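Residue numbers (the UniProt record's numbering): 1 to 248.
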């Protein structure tokens, strides 16, 4: 029987060090991914913005290989797109992609409400009610960034209450991609963050009225979709205006 050779303490330390290094790189890669995703979702990085790999690597103190790992995940989530011989850019969803995203969101949110009605607890509904109260406060005292972030949070928290992590993950990715759609195609900007709609949806859930909750959600999402003009020219216009704002 062949004997197993024992590793020397030095060899074991080297092996452990490489594993720890890989784990550290994974942690930093996730931080890079989360940072860029948040910046995109909140509109700080606009569609068409070039991603500067060298600047990211320097900021996080890692190699460009680690950076590219994080960018690859964002590409797979369709938040970034790589252009041959040009680099990586924040994605610019097409009109057809935007329509598909809106349609998918409507279907998923209706299904999530079914699950929420069946599974939500009174304590969870109380927490959701408090979130709408916070939205109301932000509406009167917060900035546009805060309104956008909190409005999106309502839908994700509601999805989590459905108790299906897969559907929650799908919705979160759709909402993230729709932030790019709004940046490109939004025409009718409103100063409300949907707090009134959200409050009515919570009331319907508290009453266990699924049909009413779905009707209210449909109306709420239609209101959001009604703010955009889905034409290629509208996307080009927003991109051009972004350039003018940067240089003037």
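Backbone N, C-alpha and C fix where the C-beta goes; we use that ideal spot for every residue, glycine too. Here the structure is a predicted model, which is why all the values come from computation and not from measurement.
{"Item": "Suppose contacts are defined by Cβ-Cβ distances below 8 Å. Is residue 117 in contact with residue 205 by that definition?", "Value": "yes"}
{"Item": "Report the partner residues of residue 51 according to the DSSP bridge assignment.", "Value": "88"}
{"Item": "May I ask you to list the residues that DSSP assigns as paired with residue 80?", "Value": "90"}
{"Item": "Let me know the secondary structure DSSP gives residue 249 once reduced to three states.", "Value": "Within the shown structure, residues of the chain are numbered from 1 to 248, placing residue 249 beyond reach of any answer."}
{"Item": "Grab the span of the alpha helix (DSSP H) containing residue 229 for me, first residue to last.", "Value": "Unbroken run through residue 229: none, as it is neither H nor E."}
{"Item": "For residue 186, which residues does DSSP report across the bridge?", "Value": "228"}
{"Item": "Would you call residue 33 buried or exposed, if buried means 16 or more other Cβ atoms sit within 10 Å of its Cβ?", "Value": "buried"}
{"Item": "Quick check on the DSSP output: the alpha helix (DSSP H) that includes residue 63 runs from which residue to which?", "Value": "It is not in any alpha helix (DSSP H) - residue 63 carries neither H nor E in the DSSP assignment."}
{"Item": "Indicate the three-state DSSP secondary structure (helix, strand or coil) for residue 121 in the structure shown.", "Value": "coil"}
{"Item": "Considering Cα atoms alone, identify which of 44, 158 and 97 is closest to residue 123.", "Value": "158"}
{"Item": "Please say whether residue 90 and residue 46 have beta carbons closer to each other than 8 Å?", "Value": "yes"}
{"Item": "Between the C-alpha atoms of residue 126 and residue 110, what's the straight-line distance to the nearest angstrom?", "Value": "21 Å"}
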